[in-house]
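Undergrad:
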Amino acid sequence: MKKTIILSFTVFFIHYVSAQIKWPAITEQTKPWTRWWWLGSEVNKNDLAAVMQQYHDAGLGGLELTAIYGVQHEEDQYINFLSPKWMEMFDYTLQKAKQLNLGIDLANATGWPFGGPWIGDEDASKDMVYKTYSLSAGETLKDTIQYIQQPLLRTEHPIEKTINDILQPISANKDLQQLSIDQVKFARPLPLQVLMAYSDVGDTVEVTNKVNQNGILNWTAPKGNWKLYALFMGWHGKQVERAAPGGEGNVIDHFSSAALGHYLARFDEAFKGRDLSNLRGFFNDSYEVDDAVGQSNYTPLLFKEFEKRRGYDLRKFLPDLFTNTPTEKSNRIVCDYRMTIDELILNDFTKEWYKWAHSKGKIVRNQSHGSPANTLDLYGVVDIPETEGTEILRIKFAPSAAHIMGKPLASSESATWLKEHFLSSLSDVKEALDVYFIGGVNHIFYHGTAYSPASEPWPGRLFYASVEFTQTNPFWNNFSKLNQYVARTQSFLQSGKSDNDVLLYFPIYDKYSEPSKQLLLHFDGMKPGFDGTPFELAADTMQQKGYAFDYISDRQIENLSVDKGKIATGGVSYQTIVIPGVKFMLASTLQKLVHLAENGATVIFYNGLPTDVPGYAELDQHRKLFHNLIGDMHFQKNKNGVEMAEAGKGKIYLSGDLMQTLQLAGIRRETMADGGLEYARRQNKDGSEFYFIANRSDKFFEGWVNLQTSANGSALYHPMSGDSGVARFRKNTNGSSSVFLQLEPGESIIVQTSKNAIKGTVYPYLEKTGEPVQIKGKWSVTFLSGGPVLPEKLQLDHLQPWTDFKDTSYQVFSGTAAYVTHFKMPASKAAHFLLNLGEVNESAEVYLNSKHVATVIGPVFSCKLNRKDFKENNVLEIKVANSMANRIINLDKNHVFWKKFNNINFAAKLPQDRGKDGLFNAAKWEPVKSGLTGPVTITPIK
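Numbered by the UniProt record's numbering, the letters in the sequence shown go through residues 1 to 942 in order.
See the structure below:
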């Protein structure tokens, strides 16, 4: 940056008295947490104390304890989940966590989903199967009404046993950890639920009570041709996935409050008389029942619940429910069925679990994605909705529900799968976390950290799908830098409230009304089937163009109100709601939208008005209301082709050009998006706003950034370095304001605006006052920690990675090495210098003359040096930590047994990284570049 440009900015400094520039307090909640795997629950008090101290020292704020499958051949050390011994270890964990100020959440299951050995047939997940029979007038059925369930055995790895070797009930099998059963069905007759007869002239007769215990139907067909549907209840057979010892067994029926109650009673029994005061809450992993053969799509009270909720008897419409040739009527019947399942998982599972936890004074965190229901509603009724993944449009679902429902926290299962095992750096994680922050997450959970005592041979206990945030990972020594970054960022993001402008309607009834080979649809972000729809196009376009938005459901729309022309909910307000190319909409939702407009809200129909109501129940009544509401909208087209209808105090827009309509409606757009910057915006109690801004482009950004907020001053907070100060700031003639930013690719900043001018220390923008000078000469490389052995010290004539050396000890080393060189006092008289390390693999600590200067984890590998710390002859030491990869390569090349875990053991992310046994194998990998490549330069700065 040119000096003359920098100096010109000083005219915009404002020197009134204002609020103090100060970082918010760091608490255990603002720090990142981690999912804490207890493999086999093979824990003891001494090692628990040791590892928890290490977690605390690394800057973690809390642990989500999840019991998981065990280590092979260590069965005698396993502790069964919720047993007295397990509870003793849990009690100790809570006590130790209290001493260390670590928060604790407990997964309400081992692995996922909810289930266990105490879940018998009555409470297990169910499915429905059917047979059809044909009769003519005067005929009786000669066939037996019977359905024998087809046997099935699915395991996480090949086993020699067949279904005939598996005992009933599942809990009777003694080797469940080795079997690792994913799904099991036994060949047995299934109970008949209903037998319905349908004539060719539309008559319907239930003849269930005419079937005797031997399956013989005592009924003669009346006049006409009849088709009989016999519906049977099957056992879906899904088992707890990745179950811990003592947690193996059937998954519960998620549509039954009775099944949930019986499941949770086991926890009540285990917790009785225990002090749970230091347990913050309970956690539920994503639904994940149907990653199996067939769907869990039935519950014994289905027909009763359906009639109560939809007002008609589903049994009279089984041909429509199961048809292979969809019609409008059958699609509506299926929609009503899906709506009923939606309500059951919301009311009889999610809300009931929430009530149970709150009766103990505990909160709940829930991953709703993957459920056969509107995930926004499931997220909205818990304390902390949690998301996962890497796509911003998926990530936004959980935070959207948090914002709309007034929840202060939205969490994320973070860094589950980034690169292949052992290749993800702290820099990769940082950039992944920034996507969560932009999406509205403010409570990070790493995925994850396996409890692994110091006595465990390297690489220790590991989880199969994870960036390994473990003490055996060389980046552990620099892990605290990442945690400090997260804590600083979240100290802002957990304060104030979200300040998004647009509500984007989630058109779930379009999907509920679509025919599908499967009765149920499982929603996860844009899946299933929203790709390429106006909904996805609207979300993607607004995200790319800088509009701040949240998704909203029909139920959440019902709670909206209007305050001074804005749409209010959960303590926040929005400027408009966008309905994206919807075909089916509840009449009640449309009525609410019109009501909002009449009271002053702005409603935008993008890509057409809805055309019909979903479902079959009370269809004529709902259609009449719907069409009356549509008919009362009288649109007039402006010169740009946007149509607008007056509605009381508000306006309703109709257009195929969303951006033009948002602009016409006066919706704020943060133009920083045009420069490659992405943001999350929140508002303080006094109405001032702050932004988390990340440069996720591959270009350096330097320049003025317009902020769509009225302010009289601004401060910058750099969460990686900890720098803060008064920003270069100016007010714009249109009432907005601007700040000057410098952001390297992958760098992020927090911008705090103020209603008052800010006075204080100026933020340390970087101004180069000279050219970079490369530090050349000899370097020594000393290997400090790691293995399998510490290689001999290297003397280098020029800077290079240690993996350039073909000696095996360097090629296989994973750990930390110190690069040391000497250089003379820089010729420049500048008071500060920028040290740029160039290429670093993977993270580093910088020391100047034995003084720690900085820890750099990337994506930016530079730090500031003070002239006062220089000597005439200086020693620069850069301690570089690489990844686990090279040592893992060595283990696999030498066939060392380290993949020693039950269940899925250690799966590869990429097919090419699978060995002959199907497990991850790095034997064919080349050594991963490790160490310092440089060039290392020093640049005088102002």
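The beta-carbon is built from N, C-alpha and C at its ideal position, and this holds for glycine as well.
#1: In three-state terms, what does DSSP make of ASP182?
#2: Tell me, please, whether the region 823-830 touches the region 870-877 by the rule of three or more beta-carbon pairs shorter than 8 angstroms.
#3: Which value, in whole angstroms, describes the spacing of the CA atoms of GLY215 and GLN193?
#4: CB LYS755 to CB ALA711, shorter than 8 angstroms?
#5: Whole angstroms are fine: how far does the CA of GLY261 sit from the CA of ILE557?
#6: Going along the chain, which residues of its own chain have a beta-carbon closer than 8 angstroms to the beta-carbon of TYR606, five neighbours each way excluded?
#7: Near PRO151, which residues of its chain fall below 7 angstroms by C-beta distance, leaving aside the five closest residues on each side in sequence?
#8: Could you give the C-beta distance for GLN149 and GLY234, rounded to a whole number, given that I count them as a contact under 8 angstroms?
#9: So PRO772 packs on THR939, CB below 8 angstroms; how close in whole Å?
#10: Could you tell me the distance, in whole angstroms, from the CA atom of SER171 to the CA atom of PHE114?
#11: Skipping 5 residues on each side, what residues in its chain have a beta carbon closer than 6 angstroms to that of LEU625?
#12: Between ALA107 and VAL251, which are expected to be in contact by the criterion C-beta below 8 angstroms, what is the C-beta distance as a whole number of angstroms?
#13: Helix, strand or coil for ILE941 per DSSP?
#14: Check this for me: beta carbons of GLY116 and ARG266, under 8 angstroms apart or not?
#15: May I have a chain-ordered list of the alpha helix (DSSP H) segments no shorter than 4 residues that lie completely inside the region 19-61?
#16: Taking only three categories from DSSP, how would you classify ASP127?
#17: In chain order, what residues of the same chain have a beta carbon less than 8 angstroms from the beta carbon of LYS2, not counting five sequence neighbours either side?
#18: Name the residue from GLU842, GLY858, LYS45, ILE341 whose alpha carbon lies nearest to the alpha carbon of ALA885.
#19: Tell me the rounded alpha-carbon separation between ASP501 and SER862.
#20: Tell me which residues share the same chain as residue 946 and place their Cβ nearer than 7 angstroms to its Cβ, disregarding the 5 neighbours each side in the sequence.
#21: Does the pairing of the region 46-62 with the region 426-442 give three or more beta-carbon distances under 8 angstroms?
#22: Is it buried or exposed, GLY934, if we count other Cβ atoms within 10 angstroms and call 16 or more buried?
#23: Can you tell me which residues form a DSSP beta bridge with ASP612?
#24: Considering only residues of the same chain and omitting the five flanking positions on each side of SER257, which have a CB-CB separation below 6 angstroms?
#25: Return the chain-ordered list of same chain residues with a C-beta closer than 8 angstroms to the C-beta of GLY770, the five sequence neighbours on each side being excluded.
#26: Please list the terminal residues of the continuous alpha helix (DSSP H) segment that includes TRP356.
#27: Using only the alpha-carbon positions, how far apart do TRP38 and ARG242 sit?
#28: Under 8 angstroms between the Cβ atoms of LYS545 and ARG696?
#29: Taking only three categories from DSSP, how would you classify ASP686?
#30: Relative to the C-alpha of SER561, which residue among GLU536, VAL603, PHE584, ARG280 is closest?
#31: Kindly indicate which residue of VAL613, GLU160, VAL129 has the alpha-carbon position closest to the one of PRO189.
#32: Answer with buried or exposed for GLN575, where buried requires no fewer than 16 other C-beta atoms within 10 angstroms of its C-beta.
#33: Report the rounded CA-to-CA distance for THR10 versus GLY571, giving the unit in angstroms.
#34: Which two residues bound the contiguous beta strand (DSSP E) that contains LYS566?
#35: So the candidates are SER452, GLU420, ARG394, ALA487; which of them puts its Cα closest to the Cα of LYS430?
#36: List the endpoints of the continuous beta strand (DSSP E) containing THR663.
TA: Short version:
#1: Here the question's residue 182 lines up with position 182 in the sequence shown. If DSSP states are grouped into helix, strand and coil, ASP182 belongs with the strands.
#2: yes
#3: Taking the first residue of the sequence shown as 1, we reach residue 215 at position 215. Taking the first residue of the sequence shown as 1, we reach residue 193 at position 193. Between GLY215 and GLN193, the C-alpha separation is close to 12 angstroms.
#4: As a first step, residue 755 is located in the sequence shown; it is residue number 755 there, counting from the start. As a first step, residue 711 is located in the sequence shown; it is residue number 711 there, counting from the start. Cβ atoms of LYS755 and ALA711: closer than 8 angstroms.
#5: For the purposes of this step, residue 557 is identified with residue 557 of the sequence shown, where counting begins at 1. For the purposes of this step, residue 261 is identified with residue 261 of the sequence shown, where counting begins at 1. Distance between the alpha carbons of ILE557 and GLY261: 31 angstroms.
#6: The residue given as residue 606 occupies position 606 in the sequence shown. PRO534, ALA538, VAL578, ILE579, PRO580, GLY581, SER655, GLY656, LEU658, THR661.
#7: Position 151 of the sequence shown, counting from 1, holds the residue named residue 151. ILE163, LYS185, PHE186, ALA187, listed in sequence order.
#8: As a working note, residue 149 is residue 149 in the sequence shown. As a working note, residue 234 is residue 234 in the sequence shown. With 8 angstroms as the limit, GLN149 and GLY234 qualify as a contact, their Cβ atoms being about 6 angstroms apart.
#9: Here residue 772 refers to the residue found at position 772 of the sequence shown. Here residue 939 refers to the residue found at position 939 of the sequence shown. Confirmed, Cβ separation roughly 4 angstroms.
#10: Counting from one through the sequence shown, the residue named residue 171 turns up at place 171. Counting from one through the sequence shown, the residue named residue 114 turns up at place 114. Each residue's alpha carbon lies about 16 angstroms from the other.
#11: Translated into positions along the sequence shown, residue 625 becomes position 625. Closer than 6 angstroms at Cβ, skipping near neighbours: ALA587.
#12: Residue 107 sits at position 107 when you count from the first residue of the sequence shown. Residue 251 sits at position 251 when you count from the first residue of the sequence shown. Incorrect: roughly 14 angstroms between the Cβ atoms, too far for contact.
#13: Numbered from its first residue, the sequence shown carries residue 941 at position 941. Residue state, collapsed to three classes: strand.
#14: Looking up residue 116 in the sequence shown gives position 116. Looking up residue 266 in the sequence shown gives position 266. For GLY116 and ARG266, yes; Cβs fall inside 8 angstroms.
#15: 45-57
#16: Numbered from its first residue, the sequence shown carries residue 127 at position 127. Reduced to three states, the DSSP call for ASP127 is strand.
#17: Sequence index remark: in the sequence shown, residue 2 carries index 2 (1-based). With a pLDDT of 33 at LYS2, under the threshold of 50, the predicted position of this residue should be treated as unreliable, though the coordinate-derived value follows. None.
#18: To locate residue 885, count along the sequence shown from 1; it is residue 885. That would be GLU842, whose Cα lies nearest to the Cα of ALA885.
#19: For the purposes of this step, residue 501 is identified with residue 501 of the sequence shown, where counting begins at 1. For the purposes of this step, residue 862 is identified with residue 862 of the sequence shown, where counting begins at 1. Spanning the two alpha carbons is a distance of roughly 37 angstroms.
#20: With the chain represented from 1 up to 942, any question about residue 946 goes unanswered, as that position is not in the structure.
#21: no
#22: Your numbering for residue 934 matches position 934 in the sequence shown. Under this definition GLY934 is a buried residue.
#23: Taking the first residue of the sequence shown as 1, we reach residue 612 at position 612. PHE584, per the DSSP bridge assignment.
#24: Residue 257 sits at position 257 when you count from the first residue of the sequence shown. The answer, listed in chain order, is ASP348, GLU352.
#25: Translated into positions along the sequence shown, residue 770 becomes position 770. Once the five neighbours on either side are set aside, the close Cβ partners of GLY770 are SER828, ALA830, THR939, PRO940.
#26: Within the sequence shown, the letter at position 356 stands for residue 356. Looking at the DSSP string, the run of the alpha helix (DSSP H) that includes TRP356 is 351-359.
#27: Counted from its first residue, the sequence shown places residue 38 at position 38. Counted from its first residue, the sequence shown places residue 242 at position 242. Roughly 12 angstroms between the two C-alpha positions.
#28: Here residue 545 refers to the residue found at position 545 when the sequence shown is read from its first residue. Here residue 696 refers to the residue found at position 696 when the sequence shown is read from its first residue. Not a contact, by the Cβ cut-off of 8 angstroms.
#29: In the sequence shown, counting from the first residue as 1, residue 686 sits at position 686. Here ASP686 sits in coil by DSSP.
#30: Stepping through the sequence shown from its first residue, residue 561 is reached at position 561. For SER561, the nearest C-alpha among the options comes from VAL603.
#31: The count along the sequence shown starts at 1 and reaches residue 189 at position 189. When each option's Cα is compared against that of PRO189, the closest is VAL129.
#32: The residue you call residue 575 lines up with position 575 of the sequence shown. It is buried - the Cβ of GLN575 has at least 16 other Cβ atoms within 10 Å.
#33: For this step, residue 10 is matched to residue 10 along the sequence shown. For this step, residue 571 is matched to residue 571 along the sequence shown. Model confidence at THR10 stands at a pLDDT of 29, short of 50, so the residue's coordinates are unreliable; what they give is reported in the following sentence. Distance between the alpha carbons of THR10 and GLY571 is about 38 angstroms.
#34: The sequence position of residue 566 within the sequence shown is 566, counting from 1. That run of the beta strand (DSSP E) goes 566-569.
#35: Translated into the one-based positions of the sequence shown, residue 430 becomes position 430. Of SER452, GLU420, ARG394, ALA487, the residue nearest in Cα terms is ALA487.
#36: Here residue 663 refers to the residue found at position 663 of the sequence shown. In the sequence as displayed, the identity of residue 663 is Gln instead of Thr. Looking at the DSSP string, GLN663 is not in any beta strand (DSSP E); the run it does join, the alpha helix (DSSP H), is 658-664.
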